[in-house]
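Undergrad: First the structure, then my questions, so here it is.
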Amino acid sequence: MRDRSSFRGGVSYRRNALIIGAMLFVALVAFLLDTQGVLTPVRAYLTNSLTPLVSSVYGVNLRASDLLAGSQDLQRVTQERDTLLKENSDLKAQILRIPQIEIENMRLREQLRIEKTHPWQLIGADVSVQTLADGRRIVLIGVGSSSGVKVGMAVISRYQSSPPALVGVISVVNVDSASMTLIDDYSSVISVQAYHGTAVVRGILQGSIQQNGMLQMSEIEREAEVADGDSVVTAGLTRLYGPSLPNAAIPADIPIGIVKSTRIDGRSKVVDVQPYINPELVHYVWIIHNDTK
750 MRDRSSFRGG VSYRRNALII GAMLFVALVA FLLDTQGVLT PVRAYLTNSL TPLVSSVYGV
810 NLRASDLLAG SQDLQRVTQE RDTLLKENSD LKAQILRIPQ IEIENMRLRE QLRIEKTHPW
870 QLIGADVSVQ TLADGRRIVL IGVGSSSGVK VGMAVISRYQ SSPPALVGVI SVVNVDSASM
930 TLIDDYSSVI SVQAYHGTAV VRGILQGSIQ QNGMLQMSEI EREAEVADGD SVVTAGLTRL
990 YGPSLPNAAI PADIPIGIVK STRIDGRSKV VDVQPYINPE LVHYVWIIHN DTK
């Protein structure tokens, strides 16, 4: 068995040597033929035939590489675009918010000025819906019981150069909203007083279904001295004589308007009052939450 293995090893060795020798012989013959120029046409033919194939394969590799790089670049550009779009959207939102912030700051500064010059604690609110038809003047505002608003509280506002003046009274309260009856609503009745020099003339101020913007002050003594230009403010009589009634929350001396005309009606006097503020032009109000006087 050992002799058979040795014999196989010798055969394999001789075969390998024969192959190597044959390859060397072929290489030598090819070298000699090439030096004599015999293989030049063959080499040229192979070069011309293989070059396009090699170039094509190389080009495919380049295109595949370019395609991969292009895909990565497209993904990066898309991400950058999305980031820029979001930043642009956020910036636009901030720019749009700036005027609103300025308005809110202006209203807050105005509220602080009013609270500084009057014994009132105020709650600011936007006017959202108005019902102005058939003599009714009802306004919905954006605060309610969750902010401490109660029925009967006085509502004031400012318009242009007017003083802080009464525009209505809270009539219905929800959790986050409330309805306000404007002072020109035909159902509005408020105790008021007019200042004529050192004299104080009391009466009742009522809304009107007329469209002239005037309020009517009645229940005035015939001999009472009232003249055009006299100022009219709240009297706060309900607080004194009917503390359990809704209007008891209305403090005295809230500006309302000025006397425009007077006339005699039987045994009493009637006064037309021009309010400082047209309640229908109001878009922001303050509710008098507490009177510290």
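Residue numbers (the working numbering): 750 to 1042. The beta carbon of each residue, even a glycine, is placed where N, CA and C say it ideally should be. Note that the coordinates shown come from a computational prediction; the quantities given were computed from them, not determined experimentally.
#1: Tell me the residue span of the beta strand (DSSP E) that contains Q965.
#2: Would you please state the rounded distance, in angstroms, between the beta carbons of G1006 and P1024? I believe it to be under 8 angstroms.
#3: For V916, tell me which candidate among Y908, V904, V924 has the shortest Cα-Cα distance.
#4: In terms of residue numbering, what span does the beta strand (DSSP E) encompassing M902 cover?
#5: So what's I1026 in DSSP terms, helix, strand or just coil?
#6: Between the C-alpha atoms of V1044 and R862, what's the straight-line distance to the nearest angstrom?
#7: L889 to E968, Cα distance in whole Å?
#8: I need the straight-line Cα distance from V975 to Q879, nearest angstrom please.
#9: Tell me which residue opens and which closes the beta strand (DSSP E) that S920 is part of.
#10: Leaving aside the five residues before and after V922 along the sequence, list all residues of the same chain whose C-beta is less than 7 angstroms from its C-beta, in chain order.
#11: Distance check for L845 and S820, CA to CA, integer angstroms please.
#12: Assuming A943 contacts S980 (C-beta within less than 8 angstroms), just tell me the rounded distance between them.
#13: For N961, which of helix, strand or coil comes out of DSSP?
#14: From L840, A927, V950, Q955, pick the residue whose C-alpha is nearest to that of S937; which is it?
#15: Going by alpha carbons, who is nearest to G978 out of M929, V941, L840, K1009?
#16: If you run the structure through DSSP and keep just helix, strand and coil, what is R751?
#17: Would the beta-carbon of T983 fall within 9 angstroms of that of A997?
#18: Straight-line CA distance for R825 to Y1033?
#19: Does the beta-carbon distance from R1016 to R971 come in below 9 angstroms?
#20: DSSP state of Q909, grouped into three classes?
#21: Would a C-beta distance cut-off of 9 angstroms place V1031 and Y935 closer than the cut-off?
TA: Quick look at the numbers:
#1: 964–970
#2: 4 angstroms
#3: V904
#4: Per DSSP, M902 belongs to no beta strand (DSSP E) and is neither H nor E.
#5: coil
#6: Because the chain here runs from 750 to 1042, residue 1044 falls outside it and cannot be looked at.
#7: 31 angstroms
#8: 34 angstroms
#9: 914–922
#10: G893, S894, V898, K899, V900
#11: 37 angstroms
#12: 7 angstroms
#13: coil
#14: Q955
#15: K1009
#16: With a pLDDT of 47 at R751, under the threshold of 50, the modelled position of this residue cannot be trusted, and the question is left open.
#17: no
#18: 49 angstroms
#19: yes
#20: coil
#21: no
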